[in-house]
Every structure is written in structure tokens, then in C-alpha cells.
Amino acid sequence: MSFKEEKHGVVKITAAPHVRSAESTTRIMWSVVLSLLPVTAASIWFFGPSAVLVIGASVAGCLLTERLFGGQRNSISDGSAMITGLLLGLCLPAGFPLWMAFIGGVFGIGFGKIIFGGLGQNIFNPALLGRAFLQAAFPVAITTWPGPAPDWWVLRGDNFALPFMSPGAADAVTGATPLGNLKFGDDPVATPLLDLLLGTTSGSLGETSALLILLGGIYLAIRGHLNWHIPVSILVSVFAFSGVFYWLGLSPFSPLFMLFSGGLMLGAWYMATDMVTSPVTHTGCWVFGVSIGLLVVIIRIWGGLPEGVMYAILLMNALVPFINRATQPRKFGSPRGKPEPAAEKES
Amino acid sequence: MRATTPSQDFIRGIWKENPVLIQMLGLCPALAVTNTVKNALAMSAATFFVLTCSSVLISSVKNFIPKEVRISSYILVIATFVTLADMMLQAYAPVQHKELGAFIALIVVNCMILGRQEAFSSRNTVYRSLLDAVGTGIGFTIALIMMGGFREILGIGTFFDISLFGPNFEPWVVMVLPAGGFLMLGFIILGMGVYEQRKQAREAHGEAA
Amino acid sequence: MNERPDTDPIEVKVVDPSQPDTAPETPAEEQVSTLRLVATLAVAGAVAGLLIVLVNLHTKPIIDEYRAEQLRLAVYEVLPGVARYRTLYRVDDALVAQVPEGAKASDFRQAYVGYDETGEMIGVATSRGESGFQDIVLVIFGFEPESGILLGMKVLESKETPGLGDKIFKDQVFVDQFFARPQTPLAAIKKGSGKGLPGEIDAITGATISSKVVVSIINNGIADWQGVLQQADLEQIVPEEAP
């Protein structure tokens, strides 16, 4: 007797999940995109048309790669490639040549995501992987920060450098980022906190305005689209560790300066919280966040580079599977002590 | 062991069982010194010399070497030839020798060479061992030149020191660094995998039709 | 759970497919005498040693000559106008023209005192290494021992990042700064932020660390050698002979 022949009351048997929800990957992804819009708008306000061009090029690189190699269905529409492109564009300098930004997007999606099997399978945050590749491949271009331009519509560098060719000499004076200035400058002065908060400093497109990133992040946390444990633990640990080192006289960075300078806000709220590449347990999230914070502080104070958020997050991304394994919660009713997964399987 | 013909011994190592790209042997030199075609060529030449000489020598004295000390004997033979290659390169190609640095001495531990001795030369005739060594050496050279070529083109913008893109080329610094070696090896193996897959699909399709 | 059902013990026969030919022979020649093993290796080692010595006899002079030539070129480069030079060895903070009996010349740090065609002393060249961004950077530089004025600089060895740090020897503009008779101690500064002081060296954009290493090598090197050289009374210790 099959179920179809049963007239009175059909028995439906389906696999989990049984709870329906309006939430879907697509919806979450697009609301992340939405929360990034103020930051994007601010970058356009600060850096003029160059910002549109650089972000556009990296988004184009991501979307095109996703379309060509993303495999089944149209995986563009889930919005994840859009986020990668936006985030990548936001952590590039305004005068960056477009062809490089495009390659960064291609590399980030192609080798950060698709090669692992697409969304949900990747180990590293694709946007950061693209950024790391660009940093390794074009170290000069990616650290050429534009200084203030005379007019809003002036390009902030040689955006239209021909593919494979070097950008021409920058017309505008290059400026040092607040972090670079304090670490390597001949005349180190800490940038005032208000400038850091509002974003009227030199730096990557999206990392300058700490305040707007904070707002977007909090919006997402309230909507439940990101795990607030991660950014909070990162920020608290950066604050605590840099406070200790500052107090000991080992670092020139005050804790507040650390918090609001560089890519820390963008990294903590948008990159580290990537659902695919962060731990699944709350304990794991705290371990993850505190470790990132510690690494950021160490790289910023003693590293050869002024900024360390990117490498800190990528390093911890690689450790996520181990964190997950180490922080497995105890099964309800099982005896306290060490869980024995092997024994579970046999029973 | 499958019986092979002499021509198979020769051809096998060049592509089908390419030591670097298929067997993944000898990766240390393949990753470390292939940032330019010239370096790749110098490395291949030194390795080729060591491999061929060791194979011939070992296959000709294989009956005198007791089984218990065969690995030590192989290492001794290989190390001797490596030292000779090292001194000769230093004398006649000092610039290349400086570029390759310690990696010449490290040919001793190239598992591809020891592998060929253990797997082939120690149980085949001198003639067959020579063919096998030359084929493997050519395969190694092809792989290294592929790596060196792509890395030099992207990383410096030249091929064999000939400028390809003009003076304005923006070098991809990562490609001449060790990380670029890993990336390029990955790219090449990916490309070969895709090619093989397509070929098999086409053959299957052809049979079905 | 751990109990297995009672069954006959399974016989496992291990077949090594790689050695089908030798496997049956093994029992016959199982006991090879230790003497033979040692003898085999000894003979092989002796032959190998002989080969290496023979080739070394042939290549050593070529290698040594190349090295000496490279050194000569480097000294000529960092002491502009030099016609010949003498090598001095630093033994216990004193300079001698000959190394002590039974010691190797390469065990001592060396200074090369350069003279122009009329036999007038131009300056002293010496080399020094410090760790850069990637690895040790080895620099040879020439200076006047009395005034400490830098005469020239050449990077001998460096593994600095291609395209960035390697500009310390590839960027002619950077290198030329060390030949314009700058006053020491030098100071590496960011391009454009100079105050017109005599010892300023424009650092390479994006390779500040590598640039500072070169400057630091020269400053420390001159500080290290100047006292020793001034004490040594070069006119007296160095006979004016053609090398």
C-alpha cells in the first residue's frame, strides 16, 4: 500500500528542517549588501568618482567569475559574490588601477570560493583572499594612499592604467594612513579620534569611517544576521591588549586609536563574521575573536606592515575547523568529561 | 611488474608520468628556484646531469651492492654527482650558481632521483636505465621551464630576459616569491586536470556516438 | 561490543608486487657479512672522494679567481678613482697586513685600503651585513677614515623583495645618493620630507625597512672601523708597494 493510495489523510514524510522561515541565504546576503550602502556612499563622498570605479571593477570581477564558473543555477542571485566584490572594493585605496581591482575580484571568487566548491565550502573569506593576493602581487599600488584632492570629481590616482601596466605617477600627493604615519612616519602624530570616527583620513575606501561601519554592523546584529559575539570579542580584545602594551610603554598606539584606525572596524564587523568561515559555537566565536584581536595588536605593533587585520583574520580562518572541534558542546544527558566521538559512532 | 618496451621507458617520464606535474616528486626545486627561465634551466641541467649519471652508474654496479646498504650507496653516488655539479656550476656559471644558492646542494635530497634509482635503475639494464633517466630528466625540465616561464612572464614581464610588455609593465611581485611557486604549480596542475577531463569526456562521447 | 564472533583466524599473505623477482632469492643471500657491507660503502666512498678531489683541483682556481675579481670590482666601485688596494686583516682590534701563522684569511674581517695612481690614499672599503626585511643584506662601502665621509656603496648580497626592497641595488637614483660625498652619520628620510641636512638619504617609497638597513649598515660600519683605522696609523703600517 503506497501513500498515494491512502485516501483519508495523506502522511507526508520529509527530512528536516520542519520549521519554515522567511529567512534565506539570499535575504541575509542582500540585507548585508544594504547595510554596506552607507559605507559605500561615504567612500564616494570622501574619494569621489575613483571610489565608484574601484568598487565597480572589483564587483565586476567577482560577478563575472561567479557567473562563468559558479556552476549550477544562477549563483549570482544569492548576493554572496556581490558582498565579496563590495568588501574587496572597500578595502582598496582609491587610486588603485581598475585592472588590478578586477583581478582581485576574479582571484577572490575563483580561488577563495569556487575552487573549494562554492558558497559554504570555502575556508577563507574570499574578499580577504583577493586582498591578500593583491597585496602580495602589487605591494606598491596597494599602499599608495591618495592625499586630499583639490576637487571632489578629480580622480585620486591612475585608475585607468592599461591592463598589466604600471599606474603613472600619482598627481596628487600621497598621504600616509593614520597607522602608517604613527608607526613609520618621520614625524609621528596620532590622528585625532574624531577624524578617525568620521573618516576624514587617508586609507582604504571603506575603512576610513569607523562610525558608519559600526552603524551598519549593529543593524545587522539586531536583525540577527551576524553573530555579535565575534565583533565584540575582537574589539574588546584589541582594546584590552593594546591597552596593556600602551600602558607598558611598548606601543605608540593608544587603545582608542587602535580601535578606530585602519581596517579593524570593517574587518571585525564584516569580514570576520562571514558565516562560512567563522566558528559555529559561541565559545568558539570568543576564542576566534580574541585570537584575531591579539594577532592584530601584535602585527600592528611589531610587524613589518602597518596593518594586520587581513592576515589576522585569514590566519584564524584557517584554524576554524580546529576551534569547532575543540569547542563542541556537551550533548544533553551525556556524562561530563571528555566527549568521545568515536564511541558515539559505534553505538 | 608490467613489462615495458625501451621506448615506453623513455616516453613515460616525459609527460604521462611527469615527475613534477603527475608524480609530485622533486617539488622543492620546482617551487624554489623557478622564478626565471634561466634559473629553471640551470636547475634542470644540474638535475638532469645528476639523474643520468647516477642511473647509469647504479644500474651498472647494481649486482655488487648488497641489499642492506643500497639506499646509502645510492645517496653516496647521488651526493658525489651533486657535488661535482655544484663545483662545475660555480666555476662556469657563477651568476646562476649564486641565484640557485643552497638548492644545488639540495638536489641530493630530490626524491625524484632517489626514486628512479630504487624503482628502476636497481633492477634494469644500463641501457634501459639511461632511457628512463633521460626521459624523466626531460619531463622534469619541461615542468620547470613551464613554471619558470609563466612566473617570469607575470613576475618580471620578461621571457628569457627578453622584455615582453615594455618598460611600463607592472610586475606581479608575488609570482617571483615562493608563494607564487605554489600558486603557479596549482594553476598548471589545474589546467592539466581540466584538459584531461575534457579529453576523457570527448573520448567517451566519441565511443558512444 | 568489542567481542568478535568466533571464526577461524584469517590468514593474510602479504604480497609485495614491487619485488616479485627478488623475493624468492632473499632467503639464499640473507646473511651478508658486515664486512662486505662496510667494504662496499668504503670502496664507493673512496671512489666518490677521489672524483670530487679531481674535479675540485680543476674548478677551485677558476672559482677563486672569479671571487677575487668580483671583490676587486666591488672595491673599485665603492672607492672611485682607486688604482690599487691592499688588504688588511683585523686581529683583536688591530690591523695587520699578514694574518698570523696558521690562521685562515677568511676568519678575519678585512679592510681594503685604496690608493690612487700617485700612491696617495683615497679611503678604506669594508663590508658588513645586517638583517634586512627578508635576510641578511651584505654591503661593501668605502669611506675616508679621518673624516668619516662616505665615498661609495654597493650591495653584495640581498634577498629583499623583488620589485620593492631590491631597489636598494637596482634603483640607480637611490644608489647614487651614497656616492655624492655625504656626511656621516646618514639618516634615511621619507622622500620629500628632507630638511636639507648633509647626511640625508631619500628612502625608497614602500621599502623603508630595506633602505634603513643600508643606512644603518654604513653608520654602524663606520663607527665600528673608524677608531681602529685611526689608531692603526695607515701610512706607517702599509708600505707603499704595488700589490
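Chains as they are written, first to last, in the working numbering: chain A, 1259 to 1605; chain B, 3 to 211; chain C, 492 to 734.
Positions of the beta carbon are idealized from the N, C-alpha and C atoms, including for glycine.
When burial is assigned at 16 or more other CB atoms within 10 Å of the CB, is residue i buried or exposed?
i, result
"C:N711", "exposed"
"B:Y94", "exposed"
"C:V534", "exposed"
"B:N65", "exposed"
"B:P8", "exposed"
"A:L1608", "Past the edges of chain A, shown from 1259 to 1605, lies residue 1608 of chain A, and the structure says nothing about it."
"A:G1328", "buried"
"C:K703", "buried"
"A:W1505", "exposed"
"C:S622", "exposed"
"A:I1271", "exposed"
Taking the continuous beta strand (DSSP E) assigned at residue i, which residues delimit it?
i, result
"A:D1409", "No beta strand (DSSP E) holds A:D1409; DSSP gives it neither H nor E."
"A:Y1477", "Where A:Y1477 is concerned, there is no enclosing beta strand (DSSP E), although the alpha helix (DSSP H) it sits in stretches over A1468 to R1481."
"B:T85", "Not the beta strand (DSSP E): B:T85 falls in the alpha helix (DSSP H), residues R72 to Y94."
"C:M612", "M612 to S622"
"C:K645", "L641 to E648"
"C:V569", "C:V569 -> not in any beta strand (DSSP E); alpha helix (DSSP H) instead, spanning T525 to V569."
"B:T54", "B:T54 -> not in any beta strand (DSSP E); alpha helix (DSSP H) instead, spanning V39 to V63."
"C:V582", "R575 to V582"
"A:L1456", "Where A:L1456 is concerned, there is no enclosing beta strand (DSSP E), although the alpha helix (DSSP H) it sits in stretches over L1451 to L1456."
"C:V587", "A585 to V587"
Does the CB of residue i have a neighbour CB from chain C at under 8 Å?
i, result
"B:S74", "yes"
"B:F162", "no"
"A:G1562", "yes"
"A:P1593", "no"
"B:P31", "no"
"A:P1397", "yes"
"B:I106", "no"
Looking only at C-alpha atoms, which of the options sits nearest to residue i?
i, options, result
"A:P1351", "A:P1397, A:T1535 and A:F1327", "A:P1397"
"B:I109", "B:A34, B:I16, B:Q199 and B:I191", "B:A34"
"C:V615", "C:A671, C:V566 and C:P552", "C:V566"
"A:T1459", "A:F1515, A:P1421 and A:L1573", "A:F1515"
"B:T138", "B:G159, B:V111 and B:I13", "B:I13"
"A:S1467", "A:V1555, A:H1483 and A:I1302", "A:I1302"
"B:L78", "B:V52, B:M89, B:K100 and B:L102", "B:V52"
"A:F1391", "A:Y1569, A:L1454 and A:V1578", "A:Y1569"
"B:V39", "B:R204, B:A121 and B:G159", "B:G159"
"B:L132", "B:I73, B:A87, B:F162 and B:S56", "B:S56"
"A:L1484", "A:A1498, A:G1525 and A:L1451", "A:G1525"
"A:I1313", "A:T1323, A:G1337 and A:G1353", "A:G1353"
"A:P1537", "A:R1558, A:P1510 and A:W1486", "A:W1486"
"B:N156", "B:L43, B:A44, B:Y197 and B:M177", "As written in the sequence, residue 156 of chain B is Leu, which differs from the Asn given in the question. Ranking B:L43, B:A44, B:Y197 and B:M177 by Cα distance to B:L156 puts B:M177 first."
Is there a C-beta anywhere in chain B that falls below 8 Å from the one on residue i?
i, result
"C:A535", "yes"
"A:F1354", "no"
"A:S1424", "yes"
"C:V604", "no"
"C:T550", "yes"
Could you give the first and the last residue of the continuous alpha helix (DSSP H) run that contains residue i?
i, result
"C:Y603", "Here C:Y603 belongs to no alpha helix (DSSP H); instead the beta strand (DSSP E) covers R600 to Y606."
"C:F632", "Note, C:F632: premise wrong, no alpha helix (DSSP H); beta strand (DSSP E) at I627 to F634."
"B:V175", "V175 to V178"
"A:L1463", "A:L1463 -> no alpha helix (DSSP H), and no H or E assigned at all."
Taking only beta-carbon positions, decide if residue i is within less than 8 Å of chain A.
i, result
"C:F624", "yes"
"B:V176", "yes"
"B:A206", "no"
"B:N170", "yes"
"C:I659", "no"
"B:L187", "no"
"C:L677", "no"
"B:F167", "yes"
"B:V196", "no"
"C:Q722", "no"
"C:L655", "yes"
Let me check you understand the geometry: is the CB of residue i closer than 7 Å to at least one non-hydrogen atom of the ligand MN?
i, result
"B:V111", "Absence of the ligand MN from the depicted structure is noted, as is the absence of any ligand whatsoever, leaving it without description."
Residues of chain D with a CB under 9 Å from the CB of residue i: which are they?
i, result
"C:Y557", "Absent from the structure is chain D; the protein chains it does hold are A, B and C."
Quick check for students: name the residue ranges of the beta strand (DSSP E) that lie wholly in the stretch 664 to 726 of chain C, counting only runs of 3 or more.
678 to 680 and 691 to 693
Going residue by residue through the stretch 1528 to 1591 of chain A, where are the continuous alpha helix (DSSP H) segments of at least 4 residues, counting only ones entirely within it?
1540 to 1560 and 1567 to 1584
Complete alpha helix (DSSP H) runs within the stretch 87 to 173 of chain B (minimum length 4 residues, chain order):
96 to 102, 113 to 121 and 128 to 157
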